[in-house]
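Contents: one structure, followed by commentary.
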Amino acid sequence: MVPLYALYPTNNSPDQASKFRLNRVVFMILTSQNLPRDSRAQMFEIPVWILVACVVSAACAAIEAIAGEETLYAEWLRKPRSQELGMIRSVHETRGWTVFSRGIPDSVKSSEQLNGLVSALYPGEILRVELLFQTLLREADLTWKLREMSRRLEYLDILVATKRSVTLRARCFGLLWGPRSLWDVVRQLEARILATEAKLREVRSSQSQGFYGCAFITFRSSSCAERCIRDFPHSMPSTPRARKFLMKEFFIKKIEGMRRKESASSIEDSSDASSESEAEAASYTLRAMRSEIAPRPADIIWSKIGMPLGERILRDILVGVVVFIVLVLFTSPVAMLTASRQLFSDVATAAQEFSLDPFGLDPFGLGSPTNSTPVEETRGTK
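Read in order, the letters of the sequence shown correspond to residues 1 to 382 in full-length UniProt numbering.
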């Protein structure tokens, strides 16, 4: 852009003018005074800039849409569902109070052994005892990966069933590498699901190994859970295995001394509690399945999930043009017009000096008698 001191003539002294290294010739070239006022090129300034903006926005939208849409719906597929973590655990915990216990000695080899010890201290108050092994964390990790891949396969099956055009590209070190067909992606995903299921069956069939010295103990009443916390406070020294488990916070986000799963009402009859918890779990499963079949409308609008290629390109072009018009109207139209006028001024000067008429229509009005004065004389008279 033209510097601010070059836009307006001032009454500065020669020393101050030489400080900017600015003479009259440079001033006349930078400003638009050498552009003829009756030039028909001034009529095409704004349409030319709008056309250039439309072409640039269309090219950017096409490149962005063709480059691949994997990252756009990957965020929706991996979006955390807070209720899903509760479904990994037992249904009985929805009506109980769970205490995370650590510092359990290595002499405890099974959940039944610890259940017998705790039941002797708190008879009739224990719902479930679950020891924390390394294989259990591995099983939870594989279950989570299998669930994520199944959701993605379900999404791709919906795209195939609805005949939506999706451009997928392979990635190498995080960069787009080459195009992939939708069927290749589905076959690779099915193979990964089969391999993950085989690993999960192997982990479940193997013997529990890598005991962390931690356990989850679920009580029927809150008073018994509070009594257990008073009897075995958290100030007990933590073993290295317990510290190793506490680093695995992806499995359980927050581990507290006591946490409540569902509601505050305590049900005395355990059979009624079990039936109600199973009914609530079933209703939640139906709601979760219903919400996972298709993305939300907001995700479709902003993430362009499941939209055809032509529709995505057209939407990006319209958004780019609207943004450009808003920027022109509400930011700095004077600066853009000044830059465009300078561009046309340079073209007019070059055409006059080299006697060029590129279109044969005299677009700058250089052939008219009123504008046939050389540039040097015009600059000398001003």
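Every residue, glycine too, gets a C-beta built ideally from N, C-alpha and C.
Given the structure is predicted, the values throughout are model-derived calculations rather than measurements.
query: Measuring CB atoms only, is the stretch 121-137 touching the stretch 210-217, in the sense that at least three cross pairs come out at less than 8 Å?; result: yes
query: So is residue 213 buried or exposed if we call it buried at 16+ other beta carbons inside 10 Å?; result: buried
query: Three Cβ pairs or more, each shorter than 8 Å: is that satisfied between the stretch 131-140 and the stretch 220-228?; result: no
query: Do you know how far the Cα of residue 47 is from the Cα of residue 351?; result: 22 Å
query: Judging by CA-CA distance, which residue of 121, 140 and 190 is the nearest neighbour of residue 152?; result: 190
query: In terms of residue numbering, what span does the beta strand (DSSP E) encompassing residue 129 cover?; result: 126-133
query: Name the residue from 110, 142, 154 and 321 whose alpha carbon lies nearest to the alpha carbon of residue 200.; result: 142
query: Please state if the CB of residue 160 and the CB of residue 182 are separated by a distance shorter than 8 Å.; result: yes
query: For residue 320 and residue 348, I'd like the C-alpha separation in whole angstroms.; result: 31 Å
query: Looking at residue 213 and the ligand MN, is the gap between the Cβ and the nearest heavy atom below 7 Å?; result: Here there are no bound small molecules, and the ligand MN is not part of this structure.
query: Are residue 150 and residue 324 touching if we call contact CB-CB under 8 Å?; result: no
query: Taking the alpha helix (DSSP H) that residue 104 belongs to, which residues open and close that run?; result: Here residue 104 belongs to no alpha helix (DSSP H), and DSSP marks it neither H nor E.
query: With DSSP as the reference, label residue 155 as helix, strand or coil.; result: helix
query: Does DSSP put residue 203 in a helix, in a strand, or in coil?; result: helix
query: If you drop the 5 nearest sequence neighbours on each side, which residues of the same chain put their C-beta closer than 6 Å to that of residue 382?; result: Because the pLDDT of residue 382 is 45, which lies under 50, any placement of that residue in the model is unreliable, and the question is left without a value.
query: Assign residue 231 to one of two classes, buried (16 or more other C-beta atoms within 10 Å of its C-beta) or exposed (fewer than that).; result: exposed
query: Go ahead and label residue 63 buried or exposed: buried means 16 or more other beta carbons lie within 10 angstroms of its beta carbon, across all protein chains shown.; result: exposed
query: Considering only the beta carbon of each residue, do residue 156 and residue 193 sit closer than 8 Å?; result: no
query: How about residue 345 and residue 49: do their beta carbons lie closer than 8 Å?; result: no
query: Compute the beta-carbon to beta-carbon distance between residue 228 and residue 99, rounded to the nearest angstrom, for a pair I have assumed lies under 8 Å.; result: 6 Å
query: Excluding five sequence neighbours on each side, which residues of the same chain lie with their C-beta closer than 6 Å to the C-beta of residue 188?; result: none
query: Since residue 61 and residue 313 are thought to touch, with beta carbons under 8 Å apart, how far apart are those beta carbons, to the nearest angstrom?; result: 5 Å
query: Specify the secondary structure class of residue 186 as computed by DSSP and reduced to three states.; result: helix
query: Are residue 211 and residue 106 close, meaning C-beta to C-beta below 8 Å?; result: yes
query: Report buried or exposed for residue 121, applying the criterion of at least 16 other Cβ atoms within 10 angstroms of its Cβ.; result: exposed
query: Can you tell me where the beta strand (DSSP E) holding residue 212 begins and where it ends?; result: 211-219
query: Taking the beta carbon of residue 326 as the centre, do at least 16 other beta carbons fall within 10 Å, making it buried, or is it exposed?; result: exposed
query: Relative to the C-alpha of residue 140, which residue among 343, 196, 342 and 310 is closest?; result: 196
query: With a threshold of 16 other CB atoms inside 10 Å of the CB of residue 114, please say whether the residue is buried or exposed.; result: buried
query: Tell me which same chain residues have a C-beta within less than 8 Å of the C-beta of residue 117, skipping the five on either side of it?; result: 108
query: Note down the Cα distance separating residue 185 from residue 51, rounded to an integer number of angstroms.; result: 39 Å
query: Would you report the Cα separation of residue 198 and residue 144, rounded to the nearest angstrom?; result: 14 Å
query: Would you identify the three-state DSSP class for residue 321, choosing helix, strand or coil?; result: helix
query: Give every residue of the same chain whose Cβ lies closer than 6 Å to the Cβ of residue 101, excluding the five residues on either side of it in the sequence, and list them in chain order.; result: 215 and 217
query: On the CB-based measure, 16 or more other CB atoms within 10 Å of its CB, does residue 322 come out buried or exposed?; result: exposed
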